[in-house]
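Numbering (this note's numbering), first residue to last: -16 to 88.
One structure is given here, and the rest of the page talks about it.
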């Protein structure tokens, strides 16, 4: 076996570390936090921000609540008007919460 093939075989077995890509929106949205950081510090900071982002959990909770309303309506526990009113309250509170600026800026 040639020297080059041995080197290539060793490189294939090395696990690859996933690269964290910082989207451009993170630079514009979090300018006060990210402006003085190096590229490596920005990647590290963004990885932490992704871990603590609760948006996906919040959306799953909303979907679960909507499905619960639909099920209650199907069983006859609530009327269609009541289900729509409760869904409207959820939608309005979500709009108000998303309109607020993040507390860390």
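C-beta: ideal position from N, C-alpha, C; glycine also.
Quick check on the DSSP output: the alpha helix (DSSP H) that includes residue 30 runs from which residue to which? In the chain shown, counting from the first residue as 1, residue 30 sits at position 47. Here the alpha helix (DSSP H) through residue 30 covers 22 to 34.
How far does the alpha helix (DSSP H) with residue 49 in it reach, from first residue to last? Here residue 49 refers to the residue found at position 66 when the chain shown is read from its first residue. Here the alpha helix (DSSP H) through residue 49 covers 38 to 58.
For residue 58, count the other beta carbons within 10 Å of its own beta carbon; 16 or more makes it buried, fewer makes it exposed. Which is it? As a working mapping, residue 58 is identified with position 75 in the chain shown. Burial call: exposed.
Within 8 Å, strictly: CB atoms of residue 55 and residue 61: On the chain shown, residue 55 is found 72 positions in, with the first residue counted as 1. On the chain shown, residue 61 is found 78 positions in, with the first residue counted as 1. The answer is yes: Cβ separation under 8 Å.
Where residue 75 falls: helix, strand or coil (DSSP): Taking the chain shown and counting its residues from 1, one reaches residue 75 at position 92. The answer is helix: DSSP assigns residue 75 an H, G or I state.
DSSP state of residue 18, grouped into three classes? What you label residue 18 is simply residue 35 of the chain shown in a count that begins at 1. In this structure, residue 18 counts as coil in the three-state DSSP scheme.
Counted within 10 angstroms of its Cβ, other Cβ atoms place residue 35 as buried (16 or more) or exposed: Mapped onto the chain shown, residue 35 falls at position 52. In the assembly as shown, residue 35 is an exposed residue. Its beta-carbon has fewer than 16 other beta-carbons within 10 Å.
Tell me the rounded alpha-carbon separation between residue 76 and residue 42. For the purposes of this step, residue 76 is identified with residue 93 of the chain shown, where counting begins at 1. For the purposes of this step, residue 42 is identified with residue 59 of the chain shown, where counting begins at 1. Computed Cα separation, rounded: 13 Å.
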